[in-house]
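Protein chains in written order, with the working numbering: chain A, 1 to 172; chain B, 1001 to 1172.
We treat Cβ as the ideally placed atom computed from N, Cα and C, and that holds for glycine.
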């Protein structure tokens, strides 16, 4: 079992996400994270899926996803050639006695403070999954109130891009 | 029609995402963005959905989502009391003649450079949807190769939190 990251270009229509996630559910694969965002072309959305599986699972998923009508491109991302990032919003308890410790930690991790009250600090952090997990571990002693994570999105380095495929799609 | 942001706590199981997105699809609502991430409790995931709709749509969605067995909490986020953030990875063409212009722009928007080749710059930016759109507009003249967006995630300010509800859920 290893981490799989799949990038999809799909038609931006109601129902597409249901068909994609349904394919994972029917086969009993749990998705560890999924994010959907607009692309520059309003006709298409881009879905990034992270899951665990072996080589057989990967090949099956790619094969089955490619058969879905609304899925235009499926790419298995080579992790060495890919930048993966996730965004987390996290709110912790911090009064006057602990606030400066929390803010020092935020500074080390390069987290941005996006809300501050007399009793709480809310921060925003981006990075790979391990970095976000390390920040959570640092903050646990202060009592974490809430965490919101987007799931990862992924882009190929330099020349590794979905775009040449996208252009083929766009030109019919 | 106005922007709706819904936060859900759901069981972390295969099939839940399909049922949630299927509900939107059956009713013909297109989701403008959706993100799913882990929470501190491995039993639950948190889903943030952004969609367009009026008050009637909002009430219907909340009502129908609450009927789904695997959906533990549905909260309509009050936008004035909510921090919404999205992450974008964006790759643009930039050779020796235009690279410094691109990097200057990145500096102004506080984007981080995460990959650089002789012909491309790949950057990471977080913010609300409008900020990401403004950065795209700035970069368009340089030729954008690829954009990957996570969709928004949302957290309530200060005392506004899903957690009191989550604790009720956790304690049965």
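{"Item": "Proximal chain A residues relative to residue 1192(B), where beta-carbon distance stays under 7 Å", "Value": "The structure shown does not extend to residue 1192(B), since chain B is modelled only from 1001 to 1172, so the question has no answer here."}
{"Item": "At least 3 beta-carbon pairs within less than 8 Å: the region 1067 to 1083 of chain B vs the region 1031 to 1041 of chain B", "Value": "no"}
{"Item": "Residue 1060(B): first and last residue of the uninterrupted alpha helix (DSSP H) it sits in", "Value": "1055 to 1067"}
{"Item": "contact_flag[the region 86 to 93 of chain A, the region 1149 to 1157 of chain B] where n(CB pairs < 8 Å) is 3 or more", "Value": "yes"}
{"Item": "Cutoff 8 Å: residue 1162(B) Cβ touching any chain A Cβ", "Value": "yes"}
{"Item": "Residues near residue 124(A) by beta carbon distance below 6 Å, same chain, minus five either side", "Value": "89, 112 and 114"}
{"Item": "Best match in 42(A), 40(A) and 86(A) for proximity to residue 50(A) [C-alpha to C-alpha]", "Value": "86(A)"}
{"Item": "Residue from 1082(B), 1116(B) and 1142(B) with nearest C-alpha to residue 116(A)", "Value": "1082(B)"}
{"Item": "Residue 1036(B) CB to nearest heavy atom of the ligand HEM below 7 Å", "Value": "No copy of the ligand HEM occurs in the structure displayed, which carries no ligand at all."}
{"Item": "As assigned by DSSP and simplified to three states, the class of residue 142(A)", "Value": "helix"}
{"Item": "Own chain residues within Cβ distance below 8 Å of residue 1120(B), not counting five before or after", "Value": "1091, 1092, 1093, 1094 and 1145"}
{"Item": "Any chain B beta carbon closer than 8 Å to residue 114(A)", "Value": "yes"}
{"Item": "Reduced DSSP category for residue 130(A) - H, G, I as helix; E, B as strand; rest coil", "Value": "helix"}
{"Item": "Beta-carbon proximity list for residue 68(A), same chain, < 6 Å, skipping 5 on both sides", "Value": "19"}
{"Item": "8 Å Cβ cutoff, residue 1036(B) in contact with chain A", "Value": "yes"}
{"Item": "Residues, ordered as in the chain, of the region 17 to 29 of chain A that lie near chain B by beta-carbon distance below 8 Å", "Value": "17, 18, 21, 22, 24, 25, 28 and 29"}
{"Item": "Any C-beta of chain B under 8 Å from that of residue 137(A)", "Value": "no"}
{"Item": "Residue 12(A) burial status per 10 Å Cβ neighbour count (16 or more: buried)", "Value": "buried"}
{"Item": "Interface residues of chain B facing residue 95(A) [CB-CB closer than 7 Å]", "Value": "Neighbours of residue 95(A) on chain B: none; closest Cβ ~13 Å, over 7 Å."}
{"Item": "Extent of the continuous beta strand (DSSP E) run through residue 1011(B)", "Value": "1002 to 1011"}
{"Item": "Coil, strand or helix - residue 21(A) by DSSP", "Value": "helix"}
{"Item": "One or two residues paired with residue 155(A) in a DSSP bridge", "Value": "83(A)"}
{"Item": "Three-state class that DSSP yields for residue 207(A) in the structure shown", "Value": "Because residue 207(A) is not part of the residues shown, which for chain A are 1 to 172, the question remains open."}
{"Item": "Straight-line gap, residue 1017(B) to residue 151(A) (C-alpha atoms, nearest Å)", "Value": "13 Å"}
{"Item": "Cβ of residue 99(A) within 8 Å of any chain B Cβ", "Value": "no"}
{"Item": "Residue(s) in a DSSP beta bridge with residue 1051(B)", "Value": "1004(B) and 1031(B)"}
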